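Chain order of the listed sequences is H and L. At position 289 of the first sequence (counting the first as 1) the number is 272 in the numbering used here, and the numbers step up by one without a gap. So the mapping is simple: the numbering used here equals the position in the second sequence, first residue as 1, plus 10.
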Amino acid sequence: MPKQIHLAAHFPGVNNTTVWSDPAAGSHIAFESFRHFAQTAERAKFDFLFLAEGLRLREQGGKIYDLDVVGRPDNVSILMAMAAVTERIGLAGTVNSTFNEPLDVARKLASLDHLSGGRAAWNVVTSWDEFTGENFRRGGYLPKDKRYLRAQEFLATAKTLWDAWDVDEVVADAASGRYLRHGDAGRFEVHSDQFDISGRFATPRSPQGHPVIIQAGDSEEGREFAAASADAIFTRHAELEAGKEFYADVKARLAKFGRRHEDLKILPAATFVLGDTEEEAAENARQVQYQQVGPQTAIAFAEQIWNRDLSDVDPDGPVPSFDPKTSDDVDSGAHISKGRASVRMYKDPVAIAHEWRELGEREGLSLREVVIRKNGRHTFVGTPQRVADTIDEFVQSDASDGFVLVPHVTPGGLDVFADQVVPLLQEKGSFRTEYEGTTLREHLGLKPSPTTVGPAEARA
Amino acid sequence: MTFHLAVALDGTGWHPASWREPGARADELLTAGFWVDQVREAEAGLADLVTFEDAFALPGSERPDRVQGRVDAVLTALRVGPVTSHIGLVPTVIATHTEPFHVSTQIATLDWVTSGRAGQRIKVSSDPAEYALFGRREPEDRESLFGEAADHVEVQRRLWDSWEDDAEIRDAATGRFIDREKLHYIDFEGTHFSVRGPSITPRPPQGQPVVTALAHVDTAYRLAARGADVVFVTPDGTGRDGPTGDAASILAEVRAAEGATDRTTPLHVFGDLLVFLDDTADAARERLRRLDAVDGTELRSDARILAGTAADVADVLASWQDAGLTGARLRPAVAAHDLPRITRELVPELQRRGLHRTAYHADTLRGLLGLEHPADRYATA
């Protein structure tokens, strides 16, 4: 049997990948959209659904950014509701370790796991900015070196809480009158740099023990964190050679943490555009790119690099001839764009501006066309057969263990992939035709979470 | 005039030995099916709403012969939402240890999922064990905790209004998804937190999901008067400070607390009652005695305990209505026994007396409670 592909469906998010102007685009907040999306992904036997989190609306130039979809539900809450209209598919959400407390998050995720019958997953992220902190008790201040420390301690603490209950602690035997094996079940204590907590965790061990842990991030710190403690890693490496390199690097780190090759799944994010012929797919892809980068969005993207108001620049004219303003560090809070993680990756805006200008001059492209070329690329474009072949090749050649697919239309954007590509992957024998297990850990081929010797055992 | 009916869900029931009764399903307490079935039963009885209890800490008694362990109440309501259709879902929220921003979007999401059936019961935490679980503050006096809870509700309410109902415009010509003039910073500054806004979640279908609180003393009546739509009170019950008084005297205290605020819509005042329902009052009392013997202690409750027939309970509710209360919240002693008795015996009795609806005539919880869709505080038009 060929290596098995793992697929996740990312509910279209609040960035320009999502085309809200498409005639088929529906509500981003009505539950019916979430039901449709979840049921499509489950019909196609996807491993899990994924929703990012929102803690503050993005701003540009001191105003709320209005060109993309704005507004979304609380992600763990909507995942819980989606559990009511599905039976097997996993439910993954991003939950921040900076603006939450471990007791609350561990309890929410254990509850999601209980009430979904073992389908919960948590993408652990850290936040950096005071901008987001303005909505929360703790405010924004957390020095950069403490962010990863807090994330690591946060996750370790959550695991301590989940392990505070033994698997067989709840007896519920009415005849003997024994509900618990130990009257003080759930006892724990954590004393670390970031947390000093103790008591009894109120939620007994959930079906998966530990919900599936996901980590995103390509940095050295991120790779180590994932290799040490995650079950899956989200990446941006959806190109074959870069993917192989990343895959080999991360998998090679597992051994030193006593983990097996298959204990960490590597899942790049990917988009797709299909057509009945290669030509039709290419034309569809071009149209989607123009929808994703309208004239106003092209200007907004340029402003994120130039770090200044470009409202008087013509998007259909050339790339601006002047250089970006580089005096404001992204972390300083003075940058024109706020609440947008991607801006942090523009490490050398002047070089990017030069690159854009050179591309525009060389190929006679307008600013908007350059933005499309730089930001609007789709991962998979082609006939269903071509896309299925490409995905399978990726996985079989160890460039990934599967993909997190992001459709560009809500809620029906996944339907065509479910109907046309999934059957071809199933024909190859590299994607399931039925769910074999009931928990997300089983779908992903992960070991059950370790049952450490809990405090109750230690006492006995 | 309508008299409203709420059911308070708490695991297998409000008697600590309820889990050992036939049909209790104590081994399913952490599963979705257990909660869905209970809420559907209450919905079959045309109740206005169900509440879900919650706490971060486990009971200090550490008794292995009692139920310990729970799942999050807000998530339980979210799991039940898509598979129920009319009943209001009111999970407990603990203001002291949660972020008002997170709670606001969670409740707004519940409202979106249920097309307008969301509420919450706001609660403060004074149990030192709960503070140790979070490790970031020391217990404060009651006045301060209630003040913080009132601020928590105020932040949630501002965040719900921070998007006007028609903020989403999808204007292809200008490329704008929203009209950002219809989104508003809330700029709340308080002693325990400051919140900038706007919400990440569009204004929920009800505009303002329903806020409730359980109150036994004047401090709590003032919190309810400041921020709630419904207050649960305990006529002829026992608060931490002693007897709570009868329905009329409590109502007078609540209305006095309201008088000190600028609210224009009167609070709903629901009386809480813990019920054992049987064919005869003797049978009900005998069941209470038997369960007390099983548990080894006498049942104690802040709410009045009534062991009797459906007619006995209906008599109490009728007297509460006469005293001016607008509804009752019933706490079934044994969910497997007393909840079906409420829906199948008490409800028909109340209907005969004109004290309960015979069908749902509204699609939202505010609608069931006779509350208008509120204007947005930030809207200028």
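All C-beta atoms in this analysis are idealised placements derived from N, C-alpha and C, irrespective of residue type, glycine included. The model shown is predicted, which means the values in this text are computed figures rather than measured ones.
- Only F82, N83, E84, L86, D87, R90, K91, A93, S94, L95, H97, L98 and S99 from the stretch 74 to 99 of chain H bring a Cβ to less than 8 Å from some Cβ of chain L.
- With fewer than 16 other CB atoms across the displayed protein chains lying within 10 angstroms of its CB, H:D331 is exposed.
- Look at H:F240 here: in three-state DSSP terms it is helix.
- Among the residues of the stretch 192 to 205 of chain L, those with a Cβ less than 8 Å away from any Cβ of chain H are L193, H202, F203, S204 and V205, in the order of the chain.
- Within the stretch 33 to 48 of chain H, contact with chain L at the beta-carbon level (separation under 9 Å) is assigned to E36, G37, L38, R39, L40, K46, I47 and Y48.
- Chain-ordered, the chain L residues with CB closer than 8 Å to the CB of H:H165 read P74.
- Boundaries of the alpha helix (DSSP H) around L:H347: A345 to R351.
- In the DSSP assignment, L:W29 falls outside any beta strand (DSSP E), carrying neither H nor E.
- Residue nearest to L:R362 within the set L:D325, L:H347, L:G337 and L:F156 is L:D325 (criterion: CA-CA distance).
- Against chain L, the CB of H:D246 has no partner CB under 8 Å away; the residue lies outside that interface.
- Distance check between H:D384 and each of H:I72, H:D167, H:K142 and H:D30 places H:D30 closest, using alpha-carbon atoms only.
- Among the CB atoms of chain H, one or more fall inside 8 Å of the CB of L:V93.
- Chain-ordered, the chain H residues with CB closer than 8 Å to the CB of L:T108 read D87.
- Going by DSSP, L:A160 is part of the alpha helix (DSSP H) stretching over R152 to D171.
- Among the bridge pairs identified by DSSP, H:W105 is matched with H:G76 and H:I196.
- Taking 8 Å as the cut-off, the Cβ atoms of H:A64 and L:L88 count as close.
- The beta carbon of H:M63 sits closer than 8 Å to some beta carbon of chain L.
- Taking 4 residues as the minimum length, the stretch 47 to 72 of chain L contains no alpha helix (DSSP H) run wholly inside it.
- Judged by beta-carbon spacing, L:V49 lies within the 8 Å limit of L:V90, meaning their Cβ atoms are closer than that value.
- Between H:Y48 and H:R39, the CB-CB gap reaches or exceeds 8 Å.
- As a beta-bridge residue in DSSP terms, H:S181 pairs with H:E172.
- Across the structure, L:D121 and H:K411 are spaced so that their CA atoms are roughly 43 Å apart.
- Legend: CB atoms of the stretch 36 to 47 of chain L lying less than 9 Å from CB atoms of chain H belong to residues A36, D37, E38, L39, L40, T41, A42, W45 and V46.
- No residue range can be given for L:G334, since it is assigned to no alpha helix (DSSP H) and is classified by DSSP as neither H nor E.
- DSSP places H:F17 inside the alpha helix (DSSP H), whose first and last residues are F14 to R26.
- When DSSP states are grouped into helix, strand and coil, L:H25 belongs to the coil group.
- Here DSSP, grouped into helix, strand and coil, assigns L:D181 to strand.
- Neighbours of L:D272 in chain H, taken as residues at a C-beta separation under 9 Å, are lacking, since the least C-beta distance is about 27 Å.
- In the three-state reduction of the DSSP assignment, H:S212 falls in the helix class, which pools H, G and I.
- Remark: fewer than three beta-carbon pairs, one from each stretch, lie closer than 8 Å, so the stretch 297 to 313 of chain L and the stretch 256 to 263 of chain L are not flagged as touching.
- Annotation: the continuous beta strand (DSSP E) that includes L:H14 extends over H14 to L19.
- With 16 or more other CB atoms across the displayed protein chains lying within 10 angstroms of its CB, H:P394 is buried.
- With contact defined as three or more Cβ pairs closer than 8 Å, the stretch 182 to 192 of chain L and the stretch 144 to 164 of chain L are not in contact.
- The three-state secondary structure of H:I249, taken from DSSP, is strand.
- The beta carbon of L:F187 sits closer than 8 Å to some beta carbon of chain H.
- Along the length of the stretch 70 to 115 of chain L, whole beta strand (DSSP E) runs at least 3 residues long occupy 98 to 104, reported in chain order.
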